[in-house]
Amino acid sequence: DVKVTQSSRYLVKRTGEKVFLECVQDMDHENMFWYRQDPGLGLRLIYFSYDVKMKEKGDIPEGYSVSREKKERFSLILESASTNQTSMYLCASSDSGRGGTDTQYFGPGTRLTVL
Amino acid sequence: GESVGLHLPTLSVQEGDNSIINCAYSNSASDYFIWYKQESGKGPQFIIDIRSNMDKRQGQRVTVLLNKTVKHLSLQIAATQPGDSAVYFCAENIDSNYQLIWGAGTKLIIKP
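Protein sequence lines correspond, in order, to chains C and A. So that you can map any letter, position 42 of the first sequence is 42 in our numbering, and since no number is skipped, the others follow by simple counting. One rule links them: number in our numbering = place in the second sequence (from 1) + 1000.
This is the structure in structure tokens:
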């Protein structure tokens, strides 16, 4: 069964803290994605990676960075958390090189609150 | 002060009736469309997809219709069940670009 796991379901951090969100997939997928989800705004792509050590900016990369040292793991880093980064963060992975036409499999999400 | 969030469009349907969820997409160059379902507390899950060279595609209890003339996509769910309660997202893609363009979502509520 397809599995994408995220390190935390709920996280509370303080303004200015460095925050790490971890995502692991067990499907040997090439592509991995980080989205944030806010009510009424759908899913907005932060960063994606189509190969180990490769990363591409999505629509809203400001204030975030990513790391993909191993194929199965994609980390999202908030260098200095701010209250406007309070959101639901979703990780996804997909197979092969057909970009957006490959089915994306999502993790359960991490609800981050920045105080 | 109090923050005001954006409200999701909501569709209420009687259990057993058919549901139709609509989506207007933005880019006439989009050539691939997908519907995802997100249940409470879970990540989105793929339901069905359609390419722009098709008008209709059927799955198990679901049908997607594509009208390229008016840039409109719809998801039809037959004989709606309580387990269909979720937020439904449409997404579009251009030229197999890695980025999907996501709609805001529609919340489907099933009335018993």
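A virtual CB, placed ideally from N, CA and C, is assigned to each residue, including glycine.
query	result
Quick one: is Glu69 (chain C) near chain A, going by C-beta distance under 8 Å?	no
Near Val24 (chain C), which residues of its chain fall below 7 Å by C-beta distance, leaving aside the five closest residues on each side in sequence?	Thr5, Glu72, Arg73
Going along chain A, which residues have a C-beta under 9 Å from Asn31 (chain C)?	Tyr1098
Can you have a look at Tyr1032 (chain A) and say buried or exposed, based on whether 16 or more other CB atoms are within 10 angstroms of its CB?	buried
Spatial neighbours of Gln1038 (chain A) within its chain, please: C-beta separation below 8 Å, excluding the five flanking residues on both sides.	Pro1044, Gln1045, Ala1086, Val1087, Tyr1088, Phe1089, Gly1105
Counting only beta-carbon atoms, is Gly1001 (chain A) nearer than 8 Å to chain C?	Its pLDDT being 35, under 50, Gly1001 (chain A) is placed unreliably in this model, and the coordinates cannot settle the point.
May I ask you to report which of helix, strand or coil DSSP gives Gly1083 (chain A)?	helix
Skipping 5 residues on each side, what residues in its chain have a beta carbon closer than 6 Å to that of Ser1074 (chain A)?	Ile1020, Asn1022, Leu1065
Ignoring anything shorter than 3 residues, give me the beta strand (DSSP E) runs that lie fully in the segment 1044-1079 of chain A, in order along the chain.	1045-1051, 1056-1058, 1062-1067, 1072-1077
What is the DSSP secondary structure of Thr83 (chain C), counted as helix, strand or coil?	helix
Specify the secondary structure class of Thr110 (chain C) as computed by DSSP and reduced to three states.	strand
Report the residues of the segment 1061-1086 of chain A with a CB closer than 7 Å to any CB of chain C, ordered along the chain.	none
Under three-state DSSP, which class holds Thr103 (chain C)?	coil
Would you decide whether His29 (chain C) is buried or exposed? Buried here means 16 or more other CB atoms lie within 10 Å of its CB.	buried
Cutting at 6 Å between CB atoms, please list the residues of its own chain near Arg1057 (chain A), excluding the five before and the five after it.	Ile1050, Val1064
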